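Below: one structure, written as structure tokens.
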Amino acid sequence: MRIPHLALALVAVPAMAAMVVAGGRSLKGSESVVTVDQIDPAAETIPGQGAEAAPEESANSAILAPAAPQPPNLAAHSRAIDPEVVAPPDLTDEALERVEPRAPLSDLALAGPPKPPKLKMPDDWNGTKLFQPVATAAGLIESKGYAVAVSGIDAVKADETCGDEGKSWACGARARTAFRAFLRGRTVVCTVTPEGGRDTITAECRVGNKDVGEWLAENGWARAAQGGPYVEAGDKARAAKKGIFGAAPKLGGLPALPAATAPAPAAPNSILPAEDGAVTPPTDQPAPAQ
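So the number in this note's numbering is just where the residue sits in the sequence shown, counting from 1, plus 192.
Here is the structure:
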């Protein structure tokens, strides 16, 4: 039964292809051309009105035609220039008009450079405590990152020398020693801000209830600054020849320095090398075995 079916299929396929080709040719041959008659408005008449009647308006007559582009008005946006010079011409003051500046875009435009913050001290603030102060000179103190110069005096440098009857003596070192003996590592209170700085700050200082500047001036270990509060105390110390205004200290009562002694000779039984580099073995020990 399969052979007849296969033969029938082989015959039907070419027949169907031939029918499709024939149908396409018939459709192509029956295409019609549709033409649109052009209506002459002048020849068209309305019944009852004659041939001189006005023609009907077309359906597209309501659509306006696009307007022709107009040239730009250059006079409104032009500026006076000199064609021979690459620069605007000179204008008189009457041709210029000053206008007000525009408002800033935000309040940030009105802000100036930042100002350093102002430290507001409490009403009962009397100064900053400087613990374990170190006197680098008579009138100069270092502590907690501060370098403070006592106000009202002229500090005496540590390497300064003073004269006494034609002889010079190290009055700066002597004044620093006296100032260190006065401080004795006690806490100093100075009128400086709680935040220290790298520069030297001039401020009033006190130890307990004693004014440091007054002590230096009245004992002659510093010179009172002109116009300062310790001028009178400094004049009294100068008149009394105290401190650096006095005579050189007498060192006659001090004990003499001990004389240098020769090094002790090496012991005979010492294993340390001698001056010539040879090592002497101890005599109380037996010789090494061969």
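All residues carry an ideal CB built from backbone N, CA and C; glycine is no exception. These numbers were taken from a predicted model, which means no experiment stands behind them.
Quick check: what's the CA-CA separation for Val380 versus Ala432? On the sequence shown, residue 380 is found 188 positions in, with the first residue counted as 1. On the sequence shown, residue 432 is found 240 positions in, with the first residue counted as 1. Answer to the nearest angstrom: the Cα atoms are 28 Å apart.
In whole angstroms, give me the CA-to-CA distance for Ala435 and Lys336. Start at 1 with the first residue of the sequence shown, and residue 435 comes out as number 243. Start at 1 with the first residue of the sequence shown, and residue 336 comes out as number 144. It is worth fixing the name first, because residue 435 is Gly in this sequence and not Ala. Near 29 Å, if we compare the C-alpha coordinates of Lys336 and Gly435.
Shorter than 8 Å from the beta carbon of Ala432 to some beta carbon of chain C? Absence of chain C from the displayed structure is noted, only one protein chain being present.
By how many angstroms is the C-alpha of Met211 removed from the C-alpha of Ala243? The residue given as residue 243 occupies position 51 in the sequence shown. The residue given as residue 211 occupies position 19 in the sequence shown. The predicted position of Ala243 is uncertain, since its pLDDT is 47 and thus under 50; a value taken from the coordinates is nonetheless stated next. In a straight line, the C-alpha of Ala243 is about 57 Å away from that of Met211.
Ala204 - DSSP class collapsed to helix/strand/coil: Position 12 of the sequence shown, counted from the start, is the residue given in the question as residue 204. Helix.
Excluding five sequence neighbours on each side, which residues of the same chain lie with their C-beta closer than 7 Å to the C-beta of Val228? Taking the sequence shown and counting its residues from 1, the one referred to as residue 228 is at position 36. Caution applies to Val228, whose pLDDT of 48 falls short of 50 and renders its modelled position unreliable; the value that the coordinates give is listed next. Here the set comprises nothing.
Which one of Phe371, Gln324, Ile393 has the shortest CA to CA distance from Ala339? Numbered from its first residue, the sequence shown carries residue 339 at position 147. Per the Cα distances, Ile393.
Would you call the CB atoms of Trp361 and Thr353 closer than 8 Å? The residue labelled residue 361 in the question sits at position 169 within the sequence shown. The residue labelled residue 353 in the question sits at position 161 within the sequence shown. Taking 8 Å as the Cβ cut-off, Trp361 and Thr353 qualify as a contacting pair.
Using the C-alpha atoms, what's the distance from Ala214 back to Leu200? Looking up residue 200 in the sequence shown gives position 8. Looking up residue 214 in the sequence shown gives position 22. The alpha-carbon atoms of Leu200 and Ala214 are separated by roughly 21 Å.
Could you check how far apart the C-beta atoms of Cys382 and Leu322 are, in whole angstroms? I think they sit under 8 Å. The residue given as residue 382 occupies position 190 in the sequence shown. The residue given as residue 322 occupies position 130 in the sequence shown. Yes, they are in contact, since the Cβ atoms of Cys382 and Leu322 sit about 6 Å apart, within 8 Å.
Excluding sequence positions up to five away, which residues of its chain have a Cβ less than 6 Å from the Cβ of Glu396? Here residue 396 corresponds to residue number 204 of the sequence shown, with the count starting at 1. Correct list, in chain order: Ser343, Thr383.
Going residue by residue through the segment 389 to 426, where are the continuous alpha helix (DSSP H) segments of at least 4 residues, counting only ones entirely within it? 404 to 410
Tell me whether Ala429 is buried or exposed, calling it buried when 16 or more other Cβ atoms sit within 10 Å of its Cβ. On the sequence shown, position 237 is the one that residue 429 refers to. The residue in question, Ala429, is buried, as its Cβ has 16 or more Cβ neighbours within 10 Å.
Count the other CB atoms within 10 Å of the CB of Gly412; is the residue buried (16 or more) or exposed (fewer)? As a first step, residue 412 must be located in the sequence shown, where it is residue number 220. With 16 or more other Cβ atoms within 10 Å, it is buried.
Going by DSSP in three states, Ala362 sits in which element: helix, strand or coil? Here the question's residue 362 lines up with position 170 in the sequence shown. Correct three-state label for Ala362: coil.
Pop quiz: Pro441 and Arg366 are said to be a contact at Cβ under 8 Å. What is the actual Cβ separation, rounded to whole angstroms? To locate residue 441, count along the sequence shown from 1; it is residue 249. To locate residue 366, count along the sequence shown from 1; it is residue 174. Contact holds; Cβ gap of about 7 Å.
When we look at the beta-carbon of Pro325 and count the other beta-carbons within 10 Å, is it buried (16 or more) or exposed? For the purposes of this step, residue 325 is taken as the residue at position 133 of the sequence shown. Under this definition Pro325 is a buried residue.
With DSSP as the reference, identify every bridge partner of Ala429, one or two as the case may be. Along the sequence shown, read from residue 1 onward, the residue named residue 429 stands at position 237. DSSP lists no partner for Ala429.
In terms of DSSP beta bridges, what is Asp356 paired with? Here residue 356 refers to the residue found at position 164 when the sequence shown is read from its first residue. DSSP lists Lys359 as partners of Asp356.
Does the beta-carbon of Ile195 have 16 or more other beta-carbons within 10 angstroms, so that it is buried, or is it exposed? For the purposes of this step, residue 195 is taken as the residue at position 3 of the sequence shown. Classification for Ile195: exposed.
Run through the DSSP bridge pairs and tell me what Ile195 is partnered with. The residue labelled residue 195 in the question sits at position 3 within the sequence shown. Answer by DSSP bridge pairing: none, since Ile195 is not bridged.
With C-beta atoms as the reference, is Leu408 less than 8 Å away from Ala414? By one-based count along the sequence shown, residue 408 stands at place 216. By one-based count along the sequence shown, residue 414 stands at place 222. It is a contact, given that the beta carbons lie within the stated cut-off.
With DSSP as the reference, please indicate the residues paired to Leu322 in a beta bridge. Counted from its first residue, the sequence shown places residue 322 at position 130. In the DSSP output, where bridge partners are listed per residue, Leu322 has Val380.
Could you pull the DSSP bridge partners for Ile333 from this structure? One-based indexing of the sequence shown puts residue 333 at position 141. Looking at the DSSP assignment, Ile333 forms a beta bridge with Ala327, Val340.
Closer than 7 Å by C-beta to Arg398: which residues in its own chain qualify, once you throw out the five before and the five after it? Chain order, please. Here residue 398 refers to the residue found at position 206 when the sequence shown is read from its first residue. Around Arg398: Val381, Val404.
As assigned by DSSP and simplified to three states, the class of Val212: Counted from its first residue, the sequence shown places residue 212 at position 20. In the structure shown, Val212 sits in a helix (DSSP, three-state: H, G or I).
Among Asp356, Ala330, Ser298, whose alpha-carbon lies nearest the alpha-carbon of Arg372? Within the sequence shown, the letter at position 180 stands for residue 372. Minimum Cα distance to Arg372 is reached at Ala330.
What residues in its chain sit with their C-beta under 7 Å from that of Gly426, if we drop five residues either side in the sequence? As a working mapping, residue 426 is identified with position 234 in the sequence shown. Excluding sequence neighbours, Gly426 sits near Ala409, Arg415, Ala416.
To the nearest angstrom, how far is the alpha carbon of Gly355 from that of Phe437? Counted from its first residue, the sequence shown places residue 355 at position 163. Counted from its first residue, the sequence shown places residue 437 at position 245. The straight-line gap from Cα to Cα measures roughly 9 Å.
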